[in-house]
Amino acid sequence: MKQEHATAADTFAPFQEALTQGWSKALESFQSLGKGNRHDKSWEMPKFSLSTEKLQELQQQYLSEATELWRQDVAHRAIGDKRFAGDAWSNNPVSSFAAAVYLLNARTLLGMAEAVEADEKTRSRLRFAVEQWMAASSPSNYLAFNAEAQKKALETQGESIAKGIQNLLHDVQQGHLSMTDESAFEVGRNVGTTEGAVVFENDLFQLLEYKPLTAKVYERPLLLVPPCINKFYILDLQPENSLIRYAVEQGHRVFVVSWRNPDSSMAQYTWDQYIEDAAIKAIHVTQEISGQNTKGGKIDTLGFCVGGTILTTALAVLAARGEQPASSVTLLTTLLDFTDTGVLDIFIDEAFVQFREMQMGKGGLLKGGELASTFSFLRPNDLVWNYVVGNYLKGETPPPFDLLYWNSDATNLPGPMYCWYLRNTYHENKLAEPGALTVAGEQVDLRKIEAPVYIYGSREDHIVPIGGAYASTQLLTGKKRFVMGASGHIAGVINPPVKKKRSHWIRDDGKLPKTQEEWLDGATEHPGSWWTDWSNWLKMHAGKQIAAPKTYGKGSAYKASEPAPGRFVKARA
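Everything in the sequence shown is counted per the working numbering, starting at -3 for the first residue and increasing by one.
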């Protein structure tokens, strides 16, 4: 018996020694990071220290869990991670053990990041770096350890590996990772299909007007300003999940800004031009076409994400000029106060902003692929490595999905416009300060916008955190209604009532306390989409009903030039 015990101890000894060495190397790496980067003064990692007490606890926990892991058989290595959930993992001892060790190391490194004694931004950066490493180094990403990919290769006699290589070559040629079968979609054929026409265009945008689906329409039209970082047809994917079509069905005369996908000819365009020559121009053209350009004429407006920031800035500029064109303002997952920007905050500091300004502040383009990659790596397991494994290791073709097709349809941004936006909103948060910014020759004060506002935020939004969306309630002075929806940045917004999915929260007493957490304490959950609540609210501000127009545009000045969705949205980055 003693001999058996000695043999087990001898067998375990090299493993324990490797664990101790691994821990020492990990600790050494973290401590070197904490000393700061003294070689590159353009960016220096903030200094930090590690709590000795917490490290000792982590080390003891690490060695204890590793020892237990070594002594367990495969059947007891229960892994609560969907990447390793298949039977092929539990039936393969090598892969199962690799996955379990990986998860142990990942938990320990995250624990180290939490043990750091530093400011919150430094801690957030460390957490993000560790999470990226964790996602990239998962054994599921490598054929040598991925039991499911190995099993499929055997079952298909190597065909899955050959298909995976073909998929890799295809993605290299197209310049981005395939998240869906892009050949299944075409803008204007089966996405972006709501009937309409282009009634105005300039170098920055096309203005689309949609065909009424009701005999009567509300006299005040609805102008939608989508984000220029993405294409407008996220609001018009398929007939059954199109917010644009839904608004038309409710009796609104709908106009939408379709941004031009910038090329080298737009490399000098500025934020001021996006406000003056795009948002303000779209407001005025919509007024003129609908006959709401006379004294007292009003239109309903909606901005989504960056489109909401652009729309609100434009309305503040017009307010400084004595104009109040908005009968209502709807803001969907929009930041006006950039105090809470979530995970994006870790990227932005003075050195980063200066680098971007040096790179493209006086001219150039921020390529759409770079933007798309940044947003994808905010959720690396779901939006990057999941497809690396499926496409390349398993040789699968991802299924058709309209939202992911849109997500892959990238847009560029003019460098000067992007740099202004980066510095004045994300970095210095000047839009929230009355009079701190001058845009299109006017001082911007959001408090001067005289219109009721419907503010929507998504509970799990990682791009516009729910607290950031809610903060607009404290800036704007019109009568406000705040609604929170379930899910994230896109899925929370694109949630048609017919699907009867997800919930939304409303506070019946209408109170808007200082923070979203306080607001939520008094809110009530309602099943299903928030669209119906918004529709009922919007109708109160849309004016009387009139006969629906028989033609697009107005007279010779605003004639239909081409059918919706127009050619601007079809340009690829």
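Glycine residues also receive a C-beta, built at the ideal position from the N, C-alpha and C atoms.
For residue i, I'd like the list of residues in its chain whose CB is within less than 8 Å of its CB, leaving aside the five on either flank, ordered along the chain.
i      : result
Gly474 : Val325, Ile445, Glu446, Ala447, Pro448 and Val449
Gly506 : Arg477
Ala316 : Glu438, Gln439, Val440, Asp441 and Lys444
Pro258 : Tyr265, Leu361, Thr407, Asn408, Leu409 and Pro410
Tyr414 : Arg352, Met356 and Leu362
Ala158 : Gly391
Would you list the residues sitting across from residue i in a DSSP beta bridge?
i      : result
Asp296 : Leu218 and Ser324
Trp501 : Met480 and Glu521
Ser254 : Gln202
Ala543 : Lys212
Pro410 : Leu361
Leu46  : Val112
Glu558 : Val194
Val183 : Val187
Glu438 : Val435
Answer yes or no: do residue i and residue j have a C-beta to C-beta separation smaller than 8 Å?
i      : j      : result
Val571 : Leu46  : Lying before the first or after the last residue shown, residue 571 is absent from the chain, which here runs from -3 to 569.
Trp526 : His500 : yes
Ile230 : Val302 : no
Leu298 : Leu340 : no
Ala465 : Thr335 : no
Gly293 : Gln283 : yes
Ala109 : Arg123 : yes
Ser134 : Arg216 : no
Asn198 : Asp273 : yes
Thr190 : Ile240 : yes
Met175 : Tyr452 : no
Ala519 : Arg498 : no
Val313 : Ile271 : yes
Asp529 : Ile490 : no
Pro396 : Asn387 : no
Ser454 : Ile462 : yes
Ser260 : Leu362 : no
His458 : Gly551 : no
Ile306 : Ala275 : yes
The beta strand (DSSP E) spanning residue i covers which residue range?
i      : result
Gly338 : Run containing Gly338: none; DSSP gives neither H nor E here.
Gly196 : Correcting the residue identity first, residue 196 is Phe in this sequence and not Gly. First-last of the beta strand (DSSP E) with Phe196: Gly192 to Glu197.
Tyr450 : Val449 to Ser454
Using a Cβ-Cβ cutoff of less than 7 Å, which residues in the same chain neighbour residue i once the five nearest sequence positions on both sides are dropped?
i      : result
Gly107 : Leu54
Gly562 : Val194, Gln202, Leu204 and Ser254
Asn212 : Correcting the residue identity first, residue 212 is Lys in this sequence and not Asn. Only Gly247, Gln541, Ile542, Ala543 and Ala544 meet the Cβ criterion.
Pro223 : Phe300, Cys301, Val302 and Gly303
Glu178 : Tyr401 and Ser404
Asp504 : Thr520
Trp416 : Thr266 and Trp267
Kindly list the residues whose CB is nearer than 6 Å to the CB of residue i, restricted to its own chain and excluding five residues on each side of it in sequence; keep chain order.
i      : result
Ser156 : Lys148, Ala149, Lys390 and Gly391
Val460 : Thr329 and Leu331
Lys496 : Gly524
Thr63  : none
Ala74  : Confidence at Ala74 is low in this model, with a pLDDT of 48, below 50, so its placement is unreliable and no value can be given for it.
Ser120 : Ile342
Ala71  : Confidence at Ala71 is low in this model, with a pLDDT of 46, below 50, so the placement of that residue should be treated as unreliable; the coordinate-derived value is given next. Taken in chain order, the list of residues that qualify is empty.
Leu220 : Val252 and Leu298
Gly188 : Tyr229, Asp232 and Pro561
Ser557 : Val194
Tyr554 : Val195, Phe196 and Ile285
Gln146 : none
Ala432 : Lys426
Gly539 : Tyr214, Glu215 and Arg216
At what residues does the alpha helix (DSSP H) containing residue i begin and finish?
i      : result
Gln128 : Glu116 to Ala132
Ile279 : Lys277 to Ser286
Arg241 : Leu239 to Glu245
Glu353 : Glu346 to Met356
Ser531 : Trp527 to Lys535
Leu302 : The sequence given here places Val at residue 302; Leu does not occur at that position. Per DSSP, Val302 belongs to the alpha helix (DSSP H) from Val302 to Ala316.
His166 : Glu155 to Gln170
Ala145 : Ala143 to Glu151
Ser86  : Asp83 to Ser86
Trp381 : From DSSP, Trp381 is part of no alpha helix (DSSP H); its letter is neither H nor E.
Gly463 : Ile462 to Tyr466
Leu400 : Asp398 to Ser404
Using a beta-carbon distance below 8 Å, is residue i in contact with chain D?
i      : result
Gly357 : In the structure shown, chain D does not exist; there is a single protein chain.
Open item on the list: With a threshold of 8 Å, are at least 3 pairs of Cβ atoms found where one atom belongs to the region 392 to 405 and the other to the region 238 to 252?
Closed with: no
Open item on the list: Taking 8 Å as the cut-off, does the region 408 to 427 touch the region 164 to 180 (at least 3 CB pairs, one atom from each stretch)?
Closed with: no
- [ ] Please determine if the region 375 to 386 and the region 418 to 430 are in contact, where contact requires at least 3 C-beta pairs separated by less than 8 Å.
- [x] no
Task: Validate contact between the region 271 to 279 and the region 305 to 323 using beta carbons, cut 8 Å, 3 pairs - done: Three or more beta-carbon pairs separated by less than 8 Å link the region 271 to 279 to the region 305 to 323, which places the two stretches in contact.
Open item on the list: Counting beta carbon pairs with one atom in the region 117 to 131 and one in the region 356 to 364, are three or more of them shorter than 8 Å?
Closed with: no
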